[in-house]
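Comments concern the structure below.
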Amino acid sequence: MPEPASRRELNKAATRQAITAAALALLKGKGPGNFTVEDIADAAGISRRTFFNYFSSTEAALASVTHGFLDNALQQFRQRPADEPILESARAALMQLADPMTVAPLAELFTLTQGNAVLSRSELEAWDHCTEQIITAARERFAGTPGTEVDELYLRSLAGSVIACGKAAMDVWFVRCGADLSPGSLAVLRQLLIDSIGHLGSGFGSPATAPALNPGPATSTLLKERL
Numbered sequence: 252m253p254e255p256a257s258r259r260e261l262n263k264a265a266t267r268q269a270i271t272a273a274a275l276a277l278l279k280g281k282g283p284g285n286f287t288v289e290d291i292a293d294a295a296g297i298s299r300r301t302f303f304n305y306f307s308s309t310e311a312a313l314a315s316v317t318h319g320f321l322d323n324a325l326q327q328f329r330q331r332p333a334d335e336p337i338l339e340s341a342r343a344a345l346m347q348l349a350d351p352m353t354v355a356p357l358a359e360l361f362t363l364t365q366g367n368a369v370l371s372r373s374e375l376e377a378w379d380h381c382t383e384q385i386i387t388a389a390r391e392r393f394a395g396t397p398g399t400e401v402d403e404l405y406l407r408s409l410a411g412s413v414i415a416c417g418k419a420a421m422d423v424w425f426v427r428c429g430a431d432l433s434p435g436s437l438a439v440l441r442q443l444l445i446d447s448i449g450h451l452g453s454g455f456g457s458p459a460t461a462p463a464l465n466p467g468p469a470t471s472t473l474l475k476e477r478l
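Residue numbers (our numbering): 252 to 478.
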């Protein structure tokens with residue numbers, strides 16, 4: 252089990268979260284390109300200098316929303332049994348994020364960055380950066396398995412495929428649900444993320460059949476409405 256975070260670490264995490272929340276709120280209220288680092292700092296109750304201790308730009312602050320969700324999923328992945336198939340662990344990690352609202356900031360950022368080339372590119376870069384974190388997590392998993400040689404091509408192919416599935420789930424959700432951020436819509440997004448990893452784990456056996464899951468009543472109802 253990880254050691255409890257120190258007060259300093261908790262304060263830093265709280266400041267980082269405040270900056271991210273302020274950036275997202277300004278993006279929602281003013282639109283892309285209509286606010287500055289100073290605006291974010293004022294909204295977060297910090298100085299401009301403090302902002303740059305955490306992020307290099309407004310785009311980086313917004314991209315941290317994507318990093319935060321994927322960091323949470325990776326934390327769940329690391330808690331899975333070491334002998335579990337790695338893609339099953341990835342799928343189970345997403346299922347552990349049981350509350351659909353956990354994907355709310357990710358979904359909101361995705362909807363707000365559509366049509367803006369700079370922010371869309373920044374978000375894609377955030378997903379690509381997380382590829383390295385997935386590689387690290389997978390390498391850690393295999394390092395704990397005696398007699399297993401870590402193949403770099405396997406690791407990078409795996410990580411790239413997982414990221415591609417995540418992007419695909421986001422794209423499909425946006426086509427189906429648009430800017431709808433209701434709990435039911437977010438439940439659909441969470442389910443699509445889970446299903447995309449399920450397709451990868453099954454080797455994309457059938458183009459017409461999603462992996463069998465128990466999505467719950469809210470997800471099932473909205474899925475029927477959207478499909």
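We put the CB at the ideal spot given by N, CA and C, even for glycine.
Is the separation between the beta-carbon of residue i and that of residue j shorter than 8 Å?
i, j, result
"T364", "L370", "yes"
"F361", "M421", "yes"
"I337", "T382", "no"
"L406", "A389", "yes"
"R300", "G452", "no"
"E374", "A314", "yes"
"T271", "V316", "yes"
"F320", "V354", "yes"
Taking just the CA atoms, how far does residue j sit from residue i?
i, j, result
"A265", "R258", "10 Å"
"R331", "N285", "43 Å"
"G280", "A430", "15 Å"
"S447", "A295", "36 Å"
"G282", "A333", "44 Å"
"A274", "V401", "40 Å"
"L432", "W424", "11 Å"
"D293", "R267", "14 Å"
Cβ-heavy atom distance between residue i and the ligand SAM below 7 Å?
i, result
"A295", "The model depicted lacks the ligand SAM and carries no ligand whatsoever."
How should residue i be labelled, buried or exposed, when 16 other C-beta atoms within 10 angstroms of its C-beta is the threshold for buried?
i, result
"P468", "Because the pLDDT of P468 is 42, which lies under 50, any placement of that residue in the model is unreliable, and the number read from its coordinates should be weighed accordingly. By the neighbour-count rule (16 or more Cβ atoms within 10 Å), P468 is not buried but exposed."
"L261", "exposed"
"R441", "buried"
"G417", "buried"
"E310", "buried"
"G449", "buried"
"R392", "buried"
"A438", "buried"
"A410", "buried"
"V426", "exposed"
"S340", "buried"
"A312", "buried"
"A463", "For A463, the predicted model reports a pLDDT of 42, less than 50, meaning its position is unreliable; a value from the coordinates is still stated below. Label assigned to A463: exposed."
Go to residue i, then tell me how far its alpha helix (DSSP H) extends in each direction, as first and last residue.
i, result
"M346", "337 to 347"
"D322", "309 to 329"
"V439", "434 to 452"
"G386", "First, the residue type needs correcting, since residue 386 is Ile and not Gly in the sequence shown. First-last of the alpha helix (DSSP H) with I386: 368 to 394."
"G280", "258 to 281"
"I291", "288 to 295"
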